[in-house]
């Protein structure tokens with residue numbers, strides 16, 4: 389089973405990297421670009437066929453290692 | 389319109405950061421974790437209501453700034 393985990397800064401936490409990307413895009417002439425936020429995406433191959441167990445394990449991974457839950461939030465997406 | 393852009397290393401390009409995450413997860417006892425790849429996710433607020441135009445603009449952004457197309461691939465996801 390493949391999983392995709394998104395780790396992004398919580399709303400309200402300043403994101404200088406996202407701001408820099410937004411400014412650069414505006415500077416390149418993309419005037420329609422508003423707010424930009426940048427985060428991480430982690431693609432994981434899991435040797436686990438049960439979706440519930442996979443989700444529970446991924447949740448624990450995020451809590452323990454992948455996300456700093458003080459300032460970051462995470463989303464888990466399971467594929468096939 | 390909100391858009392989400394994923395920028396990840398092409399298959400075959402070595403991803404030491406992903407490898408490190410995989411090792412760390414195995415070390416924490418998550419033995420079901422196989423291959424791990426890490427990439428970037430960029431959430432963009434676009435002042436554009438036409439999906440076709442938005443996708444074209446995002447494609448151009450990726451080519452010009454967001455992705456290094458020699459080693460990275462990108463996916464564009466449009467939301468509402």
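Residue numbers (my numbering), protein chains in the order written: chain A, 389 to 468; chain B, 389 to 468. Where a beta carbon is used, it is the ideal one built from N, C-alpha and C, also for glycine.
With respect to the C-alpha of residue 424 of chain A, the residue from A:393, A:406, A:431 and A:435 having the closest C-alpha is A:406.
If you draw a straight line from the Cα of residue 398 of chain B to the Cα of residue 461 of chain B, it is about 6 Å long. Against chain A, the beta carbon of residue 432 of chain B has neighbours under 7 Å at 421 and 424, listed in chain order.
Ranked by how close their Cα comes to the Cα of residue 466 of chain B, the residues B:456, B:458 and B:445 have B:445 in first place. For residue 430 of chain B, the three-state secondary structure derived from DSSP is strand. With fewer than 16 other CB atoms across the displayed protein chains lying within 10 angstroms of its CB, residue 441 of chain B is exposed. When only Cα atoms are considered, residue 394 of chain A and residue 458 of chain B end up about 24 Å apart.
Residue 412 of chain A reaches chain B at 453, counting residues in chain order whose Cβ is nearer than 7 Å.
Interface with chain B (7 Å Cβ-Cβ cutoff): residue 389 of chain A is excluded.
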